[in-house]
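**Student:** In this note's numbering, the protein residues as written are 693 to 962. Just so you know, even glycine gets a beta-carbon here, dropped at the ideal spot from N, CA and C.
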């Protein structure tokens, strides 16, 4: 299926909108090619986290993602996630920025046979990252990616989708039936234990012996932020989030053999 692709504006930034009868998605080619808005039109539901400021917060290359950027929407992390140093020859010791190289830099774009094509190049490493966005049908947005090594040396990299969703109290997360355990990566108040602690999914027995259904999002009054990984590889490449006010379910699907891991960070007012 072919939707429409047109220039638009998001806050004070030039944007590109892909639109079908059901979905309107906006991208910011000048800011990491981030998807800044995703609207399910039948119920006018904005699915991505939005910030209230009228001017988009632009961060410099190698800036702090949380402290300096808009901290919203759906972007890419490549060639790493956390700030670190590259280990292999010939770039050993080269610093990799917080949340990656590509989230703050401009991407070029063009339209190719009804698909939005976005592309950029590494700053400290010789690679090209591209994505093609199109409609598989009027209710399904598809993204295809390609990373090209432009050097004569092996290049180790990691790619991750960084998706910040607009949550509702009582929204429910669904994971494949084969998921049985999660591992804590972050818990500011130790409500989900400490780094490396394991809990059952979907109902965890917490350190204070309370039982919590991790599928259901708590109210903002809970003032909690935790992050956890599904233990081991995902048995299937999908997850779903159901919004209680409208009954709408957002489904994310990906090839688990290529992207085998999943982390979840519910910000419940923390």
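Nearest to residue 959 by alpha carbon, out of 940, 936 and 906?
**Tutor:** 906
**Student:** Can you tell me which of the three DSSP states residue 760 falls into?
**Tutor:** helix
**Student:** Just curious, the beta strand (DSSP E) that residue 822 is in, first and last residue?
**Tutor:** Boundaries of the beta strand (DSSP E) around residue 822: 819 to 829.
**Student:** Could you check if residue 774 is buried or exposed, using at least 16 other CB atoms within 10 Å of its CB as the buried criterion?
**Tutor:** exposed
**Student:** Taking C-beta to C-beta, are residue 699 and residue 799 nearer than 7 Å?
**Tutor:** no
**Student:** Could you give the residue range of the beta strand (DSSP E) that holds residue 789?
**Tutor:** Careful: residue 789 lies outside any beta strand (DSSP E) and carries neither H nor E.
**Student:** Output the distance between the C-alpha atoms of residue 755 and residue 790, rounded to the nearest integer angstrom.
**Tutor:** Distance from the CA of residue 755 to the CA of residue 790, rounded to the nearest whole angstrom, comes to 7 Å.
**Student:** With a 10 Å radius around its C-beta and 16 neighbouring C-beta atoms as the bar for buried, classify residue 807 as buried or exposed.
**Tutor:** buried
**Student:** Can the beta-carbon of residue 932 be found closer than 7 Å to that of residue 866?
**Tutor:** yes
**Student:** Mind checking residue 850: buried by the 16 CB within 10 Å criterion, or exposed?
**Tutor:** Its Cβ having fewer than 16 others within 10 Å, residue 850 is exposed.
**Student:** Which whole runs of the beta strand (DSSP E) in the stretch 888 to 917 are 3 residues long or more, in chain order?
**Tutor:** 890 to 892, 895 to 897 and 903 to 905
**Student:** Find out if the Cβ-Cβ distance for the pair residue 860, residue 935 is shorter than 7 Å.
**Tutor:** yes
**Student:** What does the Cβ neighbour count give for residue 728, buried or exposed, with the cut at 16 atoms within 10 Å?
**Tutor:** Per the 10 Å Cβ criterion, buried.
**Student:** What separation, rounded to the nearest whole angstrom, lies between the Cα atoms of residue 819 and residue 706?
**Tutor:** 25 Å
**Student:** Quick check: is any heavy atom of the ligand FMN less than 6 Å from the C-beta of residue 786?
**Tutor:** Although the ligand FMN was asked about, the structure shown includes no ligands whatsoever.
**Student:** Drop a sphere of 10 angstroms on the beta-carbon of residue 900, count the other beta-carbons inside from all chains shown, and report buried for 16 or more, exposed for fewer.
**Tutor:** exposed
**Student:** Are the stretch 881 to 891 and the stretch 759 to 772 touching, with three or more C-beta to C-beta distances below 8 Å?
**Tutor:** no
**Student:** Quick one: measure Cβ to Cβ for residue 945 and residue 833, integer angstroms, because I've assumed they're closer than 8 Å.
**Tutor:** Contact between residue 945 and residue 833 does not hold, since their C-beta atoms are separated by about 11 Å, which reaches or exceeds 8 Å.
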